[in-house]
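The sequence shown lines up with residues 73 to 477 when you count with the numbering used here. We put the CB at the ideal spot given by N, CA and C, even for glycine. Read through the structure below, which is laid out as structure tokens, and then see the notes.
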Amino acid sequence: MPNASDETIAQLIAAGESYRCEFKSELSSKGDGKEKICRTICAFANDINASDEFGVIALGVNDDGTPSGLTIDEALEQKILSIRGEGKIIPFPSFVTVRRMYLGHAILCIEVQASVSTPVKFDQRTWVRPGSRTDQANAEEERRLSEKRRNKDQPDDALVLEGFRLHDLNLDYFKYQYLMQAFAPDVLQANGRTVEERLASTKMAGYGRDGALYPTVLGMLCLGLSPADAVPGAYVQFVRFAGEDETSAVLDQQEIHGNIADVIQSTEAKFNAHNLVPIDFTSQDREQRFAQYPKVAFQQLFRNAVMHRSYFGSNAPIRVYWFNDRIRITNPGGPFGMAMAEFGQPYAEGYRNPNLAGALKYLGFVQRFGAGIGLARSELQHNGNPPLELDPSANYVSVTMQQRP
């Protein structure tokens, strides 16, 4: 997102608080200051007025538009940027922080781009800013945000599948399990929202060209009775080889199908069944137990593959190939939103499937965004495994864990 000019920002602030601008004199130490900023980021991203313009939170500006004298330093900026990894704003919108001079004082501007994949939620609630206040969206505003997606270029996971119908989704699972995790209790108890409206709000369904509601790619992946009918590569090929290459005899193999939660749980159950835990009685005074591969490392790498793979352009599944000396996880689609050389770096973030990332967060498979590879590396080192091997390309990403010696 290109930064606005100092003149544009000064004009927005001079005009006072509005649907595009909010003032914050300080970041409250009570704990709710950051939460209020998150609500406003969410509201600017939702762009309920359909202005297609960025919104600005001017941190260091009083309610009357004068500078507050807030100290603008690296610690403050990092506190704001840490919002990215917390996973409370879903799907995560595009924003930047820019230090600027205003009336001779430093201020920190949080500049938020309008999202193409609305509604955006913070803490399981949808927030909007029709005027100079940030409020929780009502049912009609949520419906408008859901319909707004029709006129935008959507990420792959939000594309509408007009060849399928809502009865292709497991609606009981949606009503009695997924909704309980995706919405705050007070939102669920509010009247006036139908199942169809809930499907649209969670992006499990979207409006087609005829105005009717159809499943989205996200809906088929998370709720589909047979997801691979709509997204042919939406399964996992698990193979346990007896040797060190693909020509070796096969000890175990399975194509793992189902909704996204079933696929993750079944694949990780396979990993647990094959992951031996030898006991070392000789090298220490007390017995030592180390698995061949750390469970958390496998979970992080595999769930990353599920989250970031390309579900279009290839009918290939995610492949989990387990050899005698290593496990290789390969997913279709190269690194997204970053240069090839940046893949695996802690500062590199890109979300091909931002709505799927949010669903995985709601389902409990993701705790913090952007931390998977770093956590896997740490777990491998602690377990005594060799360093993680990364092999990104334009068409796929492959990661390899070597067995603990």
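- DSSP places H346 in the helix class (H, G or I) of the three-state scheme.
- Between R440 and P404, the gap from beta carbon to beta carbon reaches 8 Å or more.
- The Cβ-Cβ distance between G157 and L241 does not fall below 8 Å.
- Taking a contact to require three or more Cβ pairs closer than 8 Å, the segment 213-226 and the segment 179-192 qualify as touching.
- Judged by beta-carbon spacing, I390 lies beyond the 8 Å limit of V471, meaning their Cβ atoms are not closer than that value.
- Remark: three or more beta-carbon pairs, one from each stretch, lie closer than 8 Å, so the segment 245-264 and the segment 422-440 are flagged as touching.
- DSSP places Q325 within a strand segment (E or B) once states are collapsed to three.
- A contact is defined here as three or more CB-CB pairs under 8 Å, and the segment 205-212 fails this definition with respect to the segment 232-239.
- DSSP places D136 outside both helix and strand once states are collapsed to three, so it counts as coil.
- Judged by DSSP in its simplified three-state form, S338 adopts helix.
- Here F374 really is in contact with V392; their C-beta atoms are around 7 Å apart, less than 8 Å.
- Between R171 and I81, the C-beta spacing is not below 8 Å.
- Across the set M379, N457, M412, G456, the C-alpha of M379 shows the shortest separation from the C-alpha of D229.
- By the neighbour-count criterion, in which a residue is buried when 16 or more other Cβ atoms sit within 10 angstroms of its Cβ, D119 is buried.
- A Cβ-Cβ contact shorter than 8 Å links V184 with F116.
- Judged by pairs of C-beta atoms under 8 Å, the segment 124-135 touches the segment 175-184, as three or more such pairs exist.
- According to the DSSP assignment, S470 belongs to the beta strand (DSSP E) that extends over 468-474.
- For G296, no beta strand (DSSP E) encloses it, and the DSSP letter there is neither H nor E.
- With a 10 Å radius around the Cβ and a threshold of 16 neighbouring Cβ atoms, Q372 comes out buried.
- Put simply, the backbone Cα of D282 is about 46 Å away from that of L447.
- For T339, same chain residues with a beta-carbon under 7 Å away, outside a window of 5 residues either side, are V308, F310, I328, F374, V392 in chain order.
- For G409, the three-state secondary structure derived from DSSP is coil.
- Burial check for E316: the Cβ neighbour count within 10 Å stays below 16, so the residue is exposed.
- Counting other Cβ atoms within 10 Å of its Cβ, S166 stays below 16 and is therefore classed as exposed.
- Close CB contacts of L290 within its chain, under the 7 Å cut and outside five residues either way in sequence, are with D229, A230, K275, M276, N427, L428, A431 (chain order).
- Per the C-alpha coordinates, the member of T143, G141, V168 positioned closest to S154 is V168.
- In the DSSP assignment, A178 forms a beta bridge with M173.
- Rounded to the nearest whole angstrom, the C-alpha separation of I85 and D136 is 10 Å.
- Setting aside the 5 residues that flank it on each side, A262 is surrounded in the same chain by A211, each with a C-beta closer than 8 Å to its C-beta; the list follows chain order.
- In its chain, beyond the 5 residues on either side, R92, D119, A186 have a beta carbon closer than 8 Å to the beta carbon of E125.
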